[in-house]
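In the numbering used here, the protein residues as written are 2 to 498.
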Ligand SMILES: *Cc1c(COP(=O)(O)O)cnc(C)c1O
């Protein structure tokens, strides 16, 4: 299919776009408890769109030609610095997402390590609950990443486990406030002591927490200090596209020192074209997101953000109480906007599918048996849930009662069996095993690929129920499952499923 021979009229284009939009979950409905950070304020959203539109055609690649976004970036970074108690010397970069911010921090930490120690393979040490973007950065930039166990009771990072994993090749320690799966807070002060003693870069992942935890603290919540007031903290990432409720494609990386930012940037004068200095990973980039971020931060202001934080807190407390009353086990102490729960009574994967039938989107999460982490359901609570928590809890209670009546499914047994046949348990895979498997994958993909899609029920469309897939995620070693999902996702995009 090439370009349409007869151009679509404007009306035809819009009609078609509306059809596509209907396929999406509605991010403003309040029925999503994952990756939709909804303030519930239409006024704020409209302003953010307006700002985005005004600047979306400005190419922030060339900041000598497009001057406005530089001013906006400075003001946005200043706000972030103030939230994180940074001093004058601290600098920051606006990026298009948390992953990009983390890439810049990892690049700077790696190059600092090279300067100090020469070229050895540097290592990142972080709690097992750390975000996959660190593995991704490590893989892209040639570092090793070591995930260490967390405190089994509190589900917070364990300083002793971090200390035990430090070697002379450790270039970076990561702590999260909060981590994504459970919303628990790593003890940054203790991580910082270890970092300082060993002269190691400490990155604080406040991608979720940066724009909400300082406000929750202001409202009297017990939020420990995790920012630049702690001397060992080298960099902090925080995402406006999360709890600053701005348009998607907005994150910030802050460095304590100007030189660190220099290590994170990229300059190139070796070609016959224009000189390149890229503060971020992308080169050509729209100034829309920085304008939308500037607009949201200034329009809501401290007053607006505090009011939203109050609503969010109210919703989170209602939900936590409700979950407790229903007999679910809350994972750790809820101190952030994220609440996760486990259950010995119901299959959470089936529960998640059943909730979706009632319109609620939650995140089922696989456990890690050898670390005593049970499977769970993750909820990101946002201010809009203030109005919807009651309805959600009612639906959850009904759904739980329904799911309790369903006997354990064949699927569960099948998935476990499949995992056993593969003859491996988590932790047994090494690079050599993966290398051998990868060699075979290329040979066998054409042969078995279509069979695999059939087994997943994905020949024509995405499966309506995810429980089967989630059971597989939970029972097959992650290294194998990563290969399978990588293949499946190619097919999803190729076919437009
Ligand atoms: C969201 C998030 C990130 C980065 O994710 P992006 O999707 O790239 O914005 C990193 N760490 C944590 C803890 C996060 O929640």
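From the three backbone atoms N, C-alpha and C, an ideal C-beta is built for every residue, glycine too.
Checklist entry - Any idea if residue 17 is buried or exposed, counting beta-carbon neighbours within 10 angstroms, 16 or more meaning buried? => result One-based indexing of the chain shown puts residue 17 at position 16. An exposed status is given to residue 17, since fewer than 16 other beta-carbon atoms sit within 10 Å of its beta-carbon.
Checklist entry - For the alpha helix (DSSP H) that contains residue 131, what are its first and last residues? => result Start at 1 with the first residue of the chain shown, and residue 131 comes out as number 130. In the DSSP annotation of this structure, residue 131 is not part of any alpha helix (DSSP H), being labelled neither H nor E.
Checklist entry - Would you report the Cα separation of residue 478 and residue 118, rounded to the nearest angstrom? => result Sequence index remark: in the chain shown, residue 478 carries index 477 (1-based). Sequence index remark: in the chain shown, residue 118 carries index 117 (1-based). Taking the Cα positions, residue 478 is about 35 Å away from residue 118.
Item to check | Nearest-angstrom Cβ-Cβ length linking residue 378 and residue 355, presumed shorter than 8 Å | outcome: Along the chain shown, read from residue 1 onward, the residue named residue 378 stands at position 377. Along the chain shown, read from residue 1 onward, the residue named residue 355 stands at position 354. About 12 Å separates the two Cβ atoms, so there is no contact after all.
Item to check | Contained alpha helix (DSSP H) runs [length at least 4] in the stretch 140-188, N- to C-terminal order | outcome: Complete alpha helix (DSSP H) runs here, min 4: 160-166.
Item to check | Backbone secondary structure at residue 306 - three-state DSSP | outcome: What you label residue 306 is simply residue 305 of the chain shown in a count that begins at 1. Residue 306 falls in the helix class under three-state DSSP.
Next on the checklist: Tell me which residues share the same chain as residue 164 and place their Cβ nearer than 6 Å to its Cβ, disregarding the 5 neighbours each side in the sequence.
Outcome noted: Against the chain shown, residue 164 aligns to sequence position 163. For residue 164, the CB contacts under 6 Å within the same chain, skipping 5 residues up- and downstream, are 195 in chain order.
Item to check | Terminal residues of the beta strand (DSSP E) in which residue 206 lies | outcome: Within the chain shown, the letter at position 205 stands for residue 206. That run of the beta strand (DSSP E) goes 202-206.
Item to check | Where residue 124 falls: helix, strand or coil (DSSP) | outcome: Your numbering for residue 124 matches position 123 in the chain shown. Annotated three-state conformation of residue 124 is strand, per DSSP.
Item to check | Straight-line Cα distance separating residue 131 from residue 147 | outcome: Here residue 147 is taken as the residue at index 146 of the chain shown, counted from 1. Here residue 131 is taken as the residue at index 130 of the chain shown, counted from 1. Looking at the two C-alpha atoms, the distance is approximately 10 Å.
Item to check | DSSP three-state assignment for residue 29, whether helix, strand or coil | outcome: Translated into positions along the chain shown, residue 29 becomes position 28. DSSP places residue 29 in coil when its eight states are reduced to three.
Checklist entry - Quick one, are the C-beta atoms of residue 49 and residue 252 less than 9 Å apart? => result What you label residue 49 is simply residue 48 of the chain shown in a count that begins at 1. What you label residue 252 is simply residue 251 of the chain shown in a count that begins at 1. Against a cut-off of 9 Å, the Cβ pair of residue 252 and residue 49 comes out as no contact.
Checklist entry - Is it buried or exposed for residue 469, if we count other Cβ within 10 angstroms and need 16 for buried? => result Taking the chain shown and counting its residues from 1, the one referred to as residue 469 is at position 468. Residue 469 is buried by the Cβ-count criterion.
Checklist entry - Is there at least one non-hydrogen atom of ligand 1 closer than 8 Å to the beta-carbon of residue 206? => result As a first step, residue 206 is located in the chain shown; it is residue number 205 there, counting from the start. Yes; taking the cut-off as 8 Å, the Cβ of residue 206 has a heavy atom of ligand 1 nearer than that.
Checklist entry - Between residue 232 and the rest of its own chain, which residues show a CB-CB distance below 8 Å, the 5 nearest in sequence each way excluded? => result By one-based count along the chain shown, residue 232 stands at place 231. Apart from sequence neighbours up to five positions away, the residues of its chain that approach residue 232 with a beta-carbon distance below 8 Å are 193 and 197, ordered along the chain.
Checklist entry - CB of residue 181 to nearest heavy atom of ligand 1: below 8 Å? => result As a position in the chain shown, residue 181 is number 180, starting the count at 1. Within the cutoff, so yes.
Item to check | Within 9 Å, strictly: CB atoms of residue 213 and residue 338 | outcome: The count along the chain shown starts at 1 and reaches residue 213 at position 212. The count along the chain shown starts at 1 and reaches residue 338 at position 337. Yes, the Cβ-Cβ distance between residue 213 and residue 338 is below 9 Å.
Item to check | For residue 122 and residue 170, believed in contact at Cβ under 8 Å, the rounded distance | outcome: Counting from one through the chain shown, the residue named residue 170 turns up at place 169. Counting from one through the chain shown, the residue named residue 122 turns up at place 121. Confirmed, about 6 Å.
Checklist entry - With respect to 8 Å, is the separation between the Cβ of residue 240 and the closest non-hydrogen atom of ligand 1 below this value? => result Stepping through the chain shown from its first residue, residue 240 is reached at position 239. Result yes, Cβ under 8 Å from ligand 1.
Checklist entry - Across which residues does DSSP place residue 366 in a beta bridge pair? => result In the chain shown, the residue the question calls residue 366 occupies position 365. Beta-bridge partners of residue 366 (DSSP): 377.
Checklist entry - Are the stretch 197-210 and the stretch 227-247 touching, with three or more C-beta to C-beta distances below 8 Å? => result Yes: at least three Cβ pairs fall under 8 Å.
Checklist entry - So the beta strand (DSSP E) residue 239 belongs to, where does it begin and stop? => result To locate residue 239, count along the chain shown from 1; it is residue 238. In this chain, the beta strand (DSSP E) harbouring residue 239 covers 236-239.
Checklist entry - Taking DSSP as the reference, what is the three-state secondary structure of residue 341? => result Along the chain shown, read from residue 1 onward, the residue named residue 341 stands at position 340. The answer is strand: DSSP assigns residue 341 an E or B state.
Next on the checklist: Would you say the beta carbon of residue 132 is closer than 8 Å to some non-hydrogen atom of ligand 1?
Outcome noted: By one-based count along the chain shown, residue 132 stands at place 131. In this structure, residue 132 has its beta carbon less than 8 Å from a heavy atom of ligand 1.
Item to check | Buried versus exposed call for residue 96 [16 or more other C-beta atoms within 10 Å across all chains shown] | outcome: On the chain shown, residue 96 is found 95 positions in, with the first residue counted as 1. Burial call: buried.
Next on the checklist: Which residue marks the beginning of the alpha helix (DSSP H) containing residue 103, and which one marks its end?
Outcome noted: Here residue 103 refers to the residue found at position 102 of the chain shown. Annotation: the continuous alpha helix (DSSP H) that includes residue 103 extends over 99-118.
Checklist entry - Can the beta-carbon of residue 112 be found closer than 9 Å to that of residue 264? => result Residue numbering aside, residue 112 sits at position 111 when the chain shown is read from its first letter. Residue numbering aside, residue 264 sits at position 263 when the chain shown is read from its first letter. Yes, Cβ-Cβ distance for residue 112 and residue 264 is below 9 Å.
Next on the checklist: Buried or exposed for residue 181, going by 16 or more other Cβ atoms inside 10 Å?
Outcome noted: In the chain shown, residue 181 corresponds to position 180, counting from 1. It counts as buried.
Checklist entry - Who are residue 93's beta bridge partners in DSSP? => result For the purposes of this step, residue 93 is taken as the residue at position 92 of the chain shown. Within the DSSP bridge table, the entry for residue 93 names 255 as partners.
Item to check | Cα-Cα separation between residue 247 and residue 41, rounded to whole angstroms | outcome: Counting from one through the chain shown, the residue named residue 247 turns up at place 246. Counting from one through the chain shown, the residue named residue 41 turns up at place 40. Their backbone Cα atoms lie some 12 Å apart in a straight line.
Checklist entry - In its own chain, which residues sit with a C-beta less than 7 Å from the C-beta of residue 403, not counting the 5 before and 5 after it? => result Working through the chain shown from its first residue, we reach residue 403 at position 402. By the criterion of a C-beta distance shorter than 7 Å, residue 403 is surrounded in its chain by 355, once the five residues flanking it on both sides are discounted.
Checklist entry - Tell me which same chain residues have a C-beta within less than 7 Å of the C-beta of residue 270, skipping the five on either side of it? => result Taking the first residue of the chain shown as position 1, residue 270 is located at position 269. Result list for residue 270: 276, in chain order.
Checklist entry - Would you report the Cα separation of residue 243 and residue 209, rounded to the nearest angstrom? => result Mapped onto the chain shown, residue 243 falls at position 242. Mapped onto the chain shown, residue 209 falls at position 208. Approximately 6 Å between the Cα atoms of the pair.
Next on the checklist: Assuming residue 267 is part of the beta strand (DSSP E), what are its boundary residues?
Outcome noted: Along the chain shown, one-based indexing puts residue 267 at 266. First-last of the beta strand (DSSP E) with residue 267: 267-269.
Next on the checklist: Less than 9 Å between the beta carbons of residue 324 and residue 151, yes or no?
Outcome noted: By one-based count along the chain shown, residue 324 stands at place 323. By one-based count along the chain shown, residue 151 stands at place 150. No, the pair does not count as a contact, with Cβ atoms beyond the cut-off.
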